[in-house]
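Report on the following structure.
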Ligand SMILES: Cc1ncc(C[n+]2csc(CCOP(=O)(O)OP(=O)(O)O)c2C)c(N)n1
Ligand SMILES: Cc1ncc(C[n+]2csc(CCOP(=O)(O)OP(=O)(O)O)c2C)c(N)n1
Ligand SMILES: [Mg+2]
Ligand SMILES: [Mg+2]
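Chains as they are written, first to last, in our numbering: chain A, 1 to 324; chain B, 1 to 324; chain C, 1 to 331; chain D, 1 to 331.
As structure tokens, this is what we get:
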């Protein structure tokens, strides 16, 4: 075991897979010598050179499209979309091409492509550099959607994503890159569709995505002092979704909170809450709660930014209300 | 009252608003002399000419962006995205610009733009010409989202959309253009955020979007013969959403079905179901049901296409299950 | 943009007669496939839409004659000609148009999405311009794998107004990729003439923005197309990077079958129909003594027989079950 | 792409001294604003990111001197210079950088989104290239309203690789819109040199794809910029359509404050810093007797005083309340 930063875990996953399989290569903006905006590819250009760590022109549609074409013809590209907000520009290739070509071709196309991107607020980056748009890709059949919250998951899931034979959208979080965690020295993979029970508890289930996992833990810690026992579950992949683990928890606690930074309306939280209700409404003592991003663009000034994305305190309040 | 086709109702709304306000103009692919792919702009070029009915090059990003820029500077453009599937290409301008510029500028920008587009399956147009992507735009704060199901609503809501001072995504349905309905001869507007109770009923509430309203009525008709009384509600605008009308119905019936053609996962159905559960779980005798598009791309062959989008029979079955 | 007359002139003697006959056969196959598909569509046998490439046969025939079997192409909504020229067979194409399980895409794709990866057909595409970045990525893959493959992206004049074209062409230039961008300039994008799509006189001119060659040829002359494509493909294969090849041609039918195409002057249509690429080429073949009228007749008959068999195959093929819709997602 | 020396030479005597002094004042204002913003940012007073345009002052100063007050601009992530040149005031800009309610965007936009519609500033933009279609639409609006307004879209070299640039430029060409596309080619997009972004030798060349003029000028010479901008603006205003104006310049700092910019050779940075656009211009002003060293000194001091007052204003301004985040959605 080593203590690694999330960004190092990402980098190690990329490095190991590039060493293992020469078809794996990276393309994106400033991922080479510059090492990526959040330094998650640092050192890879030095090891693998221009050919396999490819800086591109500022062309997200071409980055994604070139990755799709390369994936269809024998390569295993990892394409980076620098901020998830910019996925707007690449979305035709991701949602209309990568997601659908296998199906449209009657199963012929194999498209082992990973779209790495990064989301999240908290750095005063304002409305176009802080969105968490996982709901968009979750909506589109054919895409797998991964959101690791800790270095261990980041590494194991990214390796799985690269070995997956279909398109995967791999969503990191800009405020997690500098967070440390335990990562085994030996190789491991984490299968998609297996939630992680981050903390066991009996009173309330919090299903948390990405950085909200950390805030949920903070909330659980605080609530424990009041004698409220919170179970925190990180689905890790929202497509495929490990509904079973979530349902088992809800059957135990009878109370559900879903939390993510993405906008509340039509967010992944609505999907998870609905699936839980569809299957186990009778098990719920109270209606499910969403503690998610408010339905406004993300403002610049920190005081407002902190208000529009959920904080641990918001979770604490929501839990208390559910328990009252 | 006249009996008009949905496409005529659209055209009449455009014509009346263009006559009323010379700042209103249209831009898009083949909307001029050609009259639009589904002939919804037929006759307008003849009346208003090249300047106000503008055929564009095949450039959805520029169509949307030019509309945003024109709207910000005193015009009231109605931009057409020919198929909603192509919104992928225009999405940066719609979701990152039109939706956010007012907010990001501290309230300065006024962006009275309408993005007209068209969704829906049922014509064997396959995976890239049949999607119903309203969930994407519903997710983004700052956009209003309108889905008229009948000519009356199409006309009244489009006129409201054109007079609205913010960005509106106005989503028509390709299989509704040829459907007729009553439209008053005198002018009228339909306010946003007011659902329409299409049919009253006591046993089950079906909230249906766009063309599914028609199928829901068919289902209700059939179920009535079995003595099951179905209430059909058309929200007409999903942003803003008239939750009150839906809740009132659910309180009466205790049973909720949401139906749309868009993919089930992370669709608008999840949002509506969640909002209902959040507010009125206690009123529900059974968990809410989604009868929505299956989570696969839309296939070409009619037999498969009809299977992946919901049919009246699917609603009938779902209602029977809820009643059993 | 002015409509230019196809270059006339004799067949270059250096060309292998077998190649000429191959190109001819391809054109006949495309012509007949399209004619029958229209008939079947009008008879209500085919679901969906049909975008016919009648009148444009010389472009795919000329271009694909310059390709190796393992080279790749991407195609468009108007893609039957491209994939026939790349070697796809009538029976599975027809079956796809009929939406049958024996179709290239098992009835999931239809006319607009025919693909056969085993023949290098990476798929027709319903999003105008979207095949261009994909082709560019396939060229990157060929370059990285050092496979010697070349990729052709087919697209229309309208597609060059798409951002995807621009981004991909620029990327290919910077990375010097083995790709040939073949623009079938048929003077219209649906109803919109090129003069209202762009202010330059040729699509080829757009290559100037990227720093690779742009060439305009008579797209109704399969040999002019072939020669230009051969040069571009050789360039690409030998590491010389991309080329933009504009082929001026014309679609005889409306944008889709059912479109009366009233936006086009009757004289313009007539002018182009007189320059029927197949008839002109056949006249040349006969004049140059490559083959006789009878031999040409025989080719037509053979193709007809093959086509009728294919239609029969399609009609007899099983329709998918509804639940088949749930298969063929990635993995 | 080769780094070119700024054109030197005397000030054209035809130019109005008042105009020269106005341009100079603008450059000083930008220079000082950027220097102080960096200091404040490094001191931790400003949240978020800062993209400095130090070294690029001549471009906005020269371009905006050619504009009317009711003309429009769109700007970028590196936009302080543009909006200062268009007339925005220090106090509300600083307040915005501090995230205060008195800022141009009430603290909702920050450095990357400063806008003032009353001064024709349609907004800086965080999405590279996204301002270009918006500017194009504003030009369409100006044309339709027959207002005589011209629109300038500012953007970087990197932005020309975006599909949005291509689509908008083509649209403007077809519709002959009154827009000037001003590319600040500072040789890098973040760490990526232009040689790896494009294979052409100049951004201006890209205009060939659209059929309107492309011009390259020394972006460190405000008068070269002004002259070219004036010509382009006049062209646009008189119905002559768009121009692509490439201004070669250099950013002194990293991409954002905090980026050590190790991707750039030290000699290159030194070479450009010697060609300090402000110092060179001041030397010229003195040499041509437009003003004295002391007068220049006085301008600097005045600007400094204004700036310190603005910083004080920002510091004293109220922070927004959390719930203010819920206002200012459309209607
Ligand atoms: C992105 C996108 N926009 C619009 C369409 C609708 N559409 C299909 S074909 C076509 C015209 C294409 O023109 P061109 O590229 O010249 O090809 P042609 O049809 O002439 O062969 C349009 C507008 C589409 N399929 N995709
Ligand atoms: C669509 C998009 N992609 C990537 C980015 C991240 N980004 C911000 S500025 C920048 C470089 C821009 O380069 P250029 O256009 O030359 O402007 P400069 O920074 O040199 O002024 C990048 C990649 C972005 N903001 N938007
Ligand atoms: Mg065309
Ligand atoms: Mg730059």
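From the three backbone atoms N, C-alpha and C, an ideal C-beta is built for every residue, glycine too.
For residue i, go through chain D and note every residue whose CB falls closer than 7 Å to its CB, in chain order.
i: residue 34(A); result: 190, 191 and 263
Are the CB atoms of residue j and residue i within a distance shorter than 8 Å?
i: residue 125(B); j: residue 131(C); result: no
i: residue 167(B); j: residue 330(D); result: yes
i: residue 192(C); j: residue 202(C); result: no
i: residue 174(A); j: residue 118(A); result: yes
i: residue 79(C); j: residue 114(C); result: yes
i: residue 215(A); j: residue 315(A); result: yes
i: residue 30(A); j: residue 50(A); result: no
i: residue 195(B); j: residue 225(B); result: no
i: residue 277(D); j: residue 220(D); result: yes
i: residue 58(C); j: residue 249(C); result: yes
i: residue 200(C); j: residue 210(D); result: yes
i: residue 135(B); j: residue 93(B); result: no
i: residue 259(B); j: residue 291(B); result: yes
i: residue 230(A); j: residue 241(A); result: no
i: residue 52(C); j: residue 298(C); result: no
Compute the Euclidean distance between the alpha carbons of residue i and residue j, then round it to the nearest angstrom.
i: residue 305(A); j: residue 235(D); result: 44 Å
i: residue 152(C); j: residue 141(D); result: 40 Å
i: residue 7(C); j: residue 266(D); result: Summary for residue 7(C): the model assigns pLDDT 49, below 50, so the residue's position carries little reliability; its value from the coordinates is reported in the next sentence. Approximately 56 Å, taken between the alpha carbons.
i: residue 205(C); j: residue 164(D); result: 19 Å
i: residue 110(D); j: residue 77(D); result: 10 Å
i: residue 320(B); j: residue 149(B); result: 25 Å
i: residue 70(B); j: residue 84(A); result: 27 Å
i: residue 224(C); j: residue 290(C); result: 17 Å
i: residue 28(B); j: residue 82(B); result: 7 Å
i: residue 317(B); j: residue 207(B); result: 16 Å
i: residue 60(B); j: residue 153(B); result: 27 Å
i: residue 341(D); j: residue 182(D); result: A query on residue 341(D) cannot be resolved here, the shown segment of chain D reaching from 1 to 331 and no further.
i: residue 18(D); j: residue 83(D); result: 21 Å
i: residue 323(D); j: residue 170(B); result: 30 Å
i: residue 237(D); j: residue 126(D); result: 28 Å
i: residue 170(C); j: residue 197(D); result: 8 Å
Determine the chain A residues that contact residue i at a beta-carbon separation under 7 Å, and present them in chain order.
i: residue 128(D); result: 58
i: residue 319(D); result: 301 and 303
i: residue 196(D); result: 55
i: residue 328(C); result: 102, 103, 106 and 107
Output, in chain order, the set of chain D residues within a Cβ distance shorter than 9 Å of residue i.
i: residue 167(C); result: 161, 162, 163 and 166
i: residue 332(C); result: Nothing about residue 332(C) can be read from this structure; chain C reaches only from 1 to 331.
Could you name the residues that DSSP lists as bridge partners for residue i?
i: residue 292(A); result: 260(A)
i: residue 77(B); result: 25(B)
Counting only Cβ pairs nearer than 7 Å, list the residues of chain C close to residue i.
i: residue 29(A); result: Going along chain C, no residue has its Cβ under 7 Å from residue 29(A), so there is no contact; the nearest lies around 12 Å.
i: residue 209(D); result: 200, 205, 206, 208 and 209
Strictly below 7 Å CB to CB, what residues from chain B border residue i?
i: residue 271(A); result: 265, 266 and 270
- Message: Any C-beta of chain B within less than 7 Å: which residues of the region 75-89 of chain A qualify?
- Response: 85, 88 and 89
- Message: Closer than 8 Å between beta carbons: that is the criterion. Which residues of the region 42-66 of chain D meet it against chain A?
- Response: 47, 48 and 49
- Looking at chain D, which residues of the region 98-111 of chain B have a Cβ within less than 7 Å of any of its Cβ atoms? 101, 102, 103, 104, 105, 106, 107, 108, 109 and 111
- Query: For the region 185-217 of chain A, which residues have a beta carbon sitting closer than 9 Å to at least one beta carbon of chain C?
  - Reply: none
- Cβ-based contacts, 7 Å cut-off: residues of the region 77-98 of chain C near chain B: none
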